[in-house]
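A short write-up of the structure that comes next.
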Amino acid sequence: MHIHAPFELVLFGGLGDLSLRKLMPALYMLHYDNRLPQGKIYAVTRQSPEPDAFRKQIESSLKSHVAAPYLELSKLDAFLDSVHCLTLNVNDDDGYDHLPGILSQEDINRVYYMSTGSNLYMPVCRGLQKAGLIKSNSKIVLEKPIGYDLKSAQEINDTVAEFFSESQIYRIDHYLGKETVQNLMVLRFANSLFESQWNQHYIDHIQITISESLGVEKRAEFYEHVGAMRDMFQNHLLQLLCITAMEPPAKLEPDAVRDEKVKVLKSLKPIVDRMINDNVVRGQYDSGVADGHPVPRYRDEPGVHEKSNTETFVAAKVEIDNWRWAGVPFYLRTGKRLADRMCEIVVQFKELPHSIFPLQHKNTMANKLIFRLQPDDGVRLMLCEKRVGPGMSVRPMNLSLNPSNHKQARVPEAYERLLFDVLSGNATLFLRDDELVEAWRWVDPILKYWEEIDQRPEPYTSGSWGPAAATLLLARDGRLWDENS
Ligand code: BG6
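Number 504 in the numbering used here belongs to position 367 of the sequence shown; there are no gaps in the numbering.
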């Protein structure tokens, strides 16, 4: 795959947090690796900054978010030369009239990246169309969360579909761009060893954790209306679940992969009414300690309502009603201000029916495959081995499937991969309209129920692993969260 040159990337929310922290650094790294052909990047801003101040702002974000060895002066200068400021009041229909004089008139490879709230999709699409700027080679990228619930997500799909065909729409979930997620697909679908075990006959249960040690930071205004279910669960966690549980696609092509993911989402056992309290836990962080410093409770964070019922933690026991997974629980959890920042998919295999080794107790430390997405990435197989010496004592051993000496290449950031994929027209790792709708369909009853009961989520101490009810969710089934391996 390569990027069709020349390209134009128009970043709405161009000086926003995501753009400065993730998108610009990712674009710079593509440029650094010589993967970005000739093209222009436009950062859309409401007010026009001084040209020098604009350049300095992009430069300083690169200096803060790109590792020092990659900050070469000549590369940096060439990249900054390709970044331009585009001043536009996106809500003013006539404001778009001057864009054809700036952007190319040709039907070139042009990407509109919506790093904004979904309330701006309609005015932006309308303005671009009025200015004749949506052509057959144009694409649009939509950032999550797309919508607030099932209804609004369907409305957004319908709105954007008035202006762009489905093949031009890229719904991004940056977790799908993480290196280990692609490695998970390769390990599953390129090795008969794993694929033959990947079902209810051999797997006891699967855990997926995305934990963060950070709190709400400066995003209270956004987060208060969203919470962990909409911010992380509905998208990132369910996407990881889909990749882990899907059937092998017939080809590594966008629709083949997305068909299989949709089937998983449609097979999720609905959690409704009374089942919600038994199967879903929500929490809100209390004061405590993070990275060795005392931190306030969520309700005392700047911008948070003192009686806020927004959840900062969600854990759920999810079941998939199909032949492969019947009877295999998937335990999913995510939260802010937890003990550690990490993301892991833990596949726990079933115990043997009978052990011939007297000292092999129920060994939950072994018999599992761990996909670690962050902070470091890699795959480990936990097996049992004989303890050296007399007797037949058995102990767990950790087999790294990617020893450090094999990992010489730089691991690209998720946004690098995904931006490259958009620019080169590969939608395999992006969500299709029906996928988005099915994910919302599953979480919708849970969100509605929480809204109705209007209660404070269970508090948990900052720096812990979440509320006690999350531990009980597994303990009830005789299991433990994997926190120490
Ligand atoms: C974003 C969420 O999608 O993912 C944030 O909006 C969260 O709340 C972030 O902090 C986590 O991403 P990563 O890649 O740092 O794990």
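Here a beta-carbon is modelled for each residue, glycine too, at the ideal position from N, C-alpha and C.
- Could you spell out the range, first to last residue, of the beta strand (DSSP E) harbouring Ser-219? For this step, residue 219 is matched to residue 82 along the sequence shown. Segment 210-219 is the alpha helix (DSSP H) holding Ser-219; no beta strand (DSSP E) there.
Buried/exposed call for Asp-415, threshold 16 Cβ in 10 Å: Here residue 415 refers to the residue found at position 278 when the sequence shown is read from its first residue. Counting Cβ neighbours within 10 Å, Asp-415 comes out exposed, since fewer than 16 surround it.
**Top-ranked residue by Cα proximity to Tyr-597, from Ile-507, Val-548, Pro-512, Glu-448** = Mapped onto the sequence shown, residue 597 falls at position 460. The candidate whose alpha carbon is nearest that of Tyr-597 is Glu-448.
* Nearest to Val-484 by alpha carbon, out of Ile-195, Ala-452, Asp-558, Gln-337? -> Residue mapping note: residue 484 aligns to position 347 of the sequence shown, counting from 1. It is Gln-337.
### Message
Once the 5 residues before and after Arg-569 are set aside, which same chain residues still bring their CB inside 6 angstroms of it?
### Response
The residue labelled residue 569 in the question sits at position 432 within the sequence shown. For Arg-569, where only same-chain residues beyond five positions count, the Cβ hits under 6 angstroms are Arg-395.
- Item | Close Cβ partners of Leu-625 (< 7 angstroms) along its chain, the five nearest in sequence each way excluded | Residue coverage of the chain in this structure runs from 138 to 622, which leaves residue 625 outside it and unanswerable.
If you run the structure through DSSP and keep just helix, strand and coil, what is His-430?
-> For the purposes of this step, residue 430 is taken as the residue at position 293 of the sequence shown. Correct three-state label for His-430: strand.
(message) What does the alpha-carbon distance come out to for the pair Leu-287 and Trp-577?
(response) Your numbering for residue 287 matches position 150 in the sequence shown. Your numbering for residue 577 matches position 440 in the sequence shown. So the two alpha carbons sit approximately 5 angstroms from each other.
- Nearest-angstrom beta carbon gap, Ala-180 and Ser-156 [assumed within contact, 8 angstroms]: Residue numbering aside, residue 156 sits at position 19 when the sequence shown is read from its first letter. Residue numbering aside, residue 180 sits at position 43 when the sequence shown is read from its first letter. Sure, about 7 angstroms apart at Cβ, within 8 angstroms.
* Asked: Counting Cβ pairs, one atom from each stretch, are 3 or more of them under 8 angstroms apart for the stretch 234-244 and the stretch 267-284?
  -> yes
- Relative to the alpha-carbon of Gln-194, which residue among Pro-206, Ala-204, Leu-217 has its alpha-carbon at the smallest distance? Mapped onto the sequence shown, residue 194 falls at position 57. Per the Cα distances, Leu-217.
Spatial distance of Asp-234 from Leu-225 (CA atoms): Here residue 234 corresponds to residue number 97 of the sequence shown, with the count starting at 1. Here residue 225 corresponds to residue number 88 of the sequence shown, with the count starting at 1. When rounded, the distance between both Cα atoms is 10 angstroms.
Quiz item: Taking 7 angstroms as the cut-off, is the CB of Glu-349 close to at least one heavy atom of the ligand BG6?
Solution: Numbered from its first residue, the sequence shown carries residue 349 at position 212. Yes, the ligand BG6 has a heavy atom inside 7 angstroms of this Cβ.
Quiz item: Cβ-heavy atom distance between Gln-511 and the ligand BG6 below 7 angstroms?
Solution: By one-based count along the sequence shown, residue 511 stands at place 374. Checking every heavy atom of the ligand BG6 against the Cβ of Gln-511, one is found closer than 7 angstroms.
Next item on the list: Identify, in the order they occur along the chain, each residue of the same chain with its Cβ nearer than 6 angstroms to the Cβ of Val-227, setting aside the five sequence neighbours on each side.
Entry: Residue numbering aside, residue 227 sits at position 90 when the sequence shown is read from its first letter. Excluding residues within five positions, the ones whose Cβ falls inside 6 angstroms are Leu-257, Pro-260, Val-261.
Contact test: Lys-281 Cβ vs the ligand BG6 heavy atom, cutoff 7 angstroms
Within the sequence shown, the letter at position 144 stands for residue 281. Yes, the ligand BG6 has a heavy atom inside 7 angstroms of this Cβ.
Label Gly-429 either buried or exposed according to how many other C-beta atoms from any shown protein chain fall within 10 Å of its C-beta, with 16 as the threshold for buried. Residue mapping note: residue 429 aligns to position 292 of the sequence shown, counting from 1. By the neighbour-count rule (16 or more Cβ atoms within 10 Å), Gly-429 is not buried but exposed.
Exposure label - Leu-389; buried when at least 16 CB within 10 Å
Your numbering for residue 389 matches position 252 in the sequence shown. Its Cβ having fewer than 16 others within 10 Å, Leu-389 is exposed.
- Query: Rounded to whole angstroms, how far is the Cβ of His-373 from the Cβ of Asp-437, which I believe are closer than 8 angstroms?
  - Reply: For the purposes of this step, residue 373 is taken as the residue at position 236 of the sequence shown. For the purposes of this step, residue 437 is taken as the residue at position 300 of the sequence shown. That belief does not hold up - the Cβ atoms of His-373 and Asp-437 are roughly 27 angstroms apart, past 8 angstroms.
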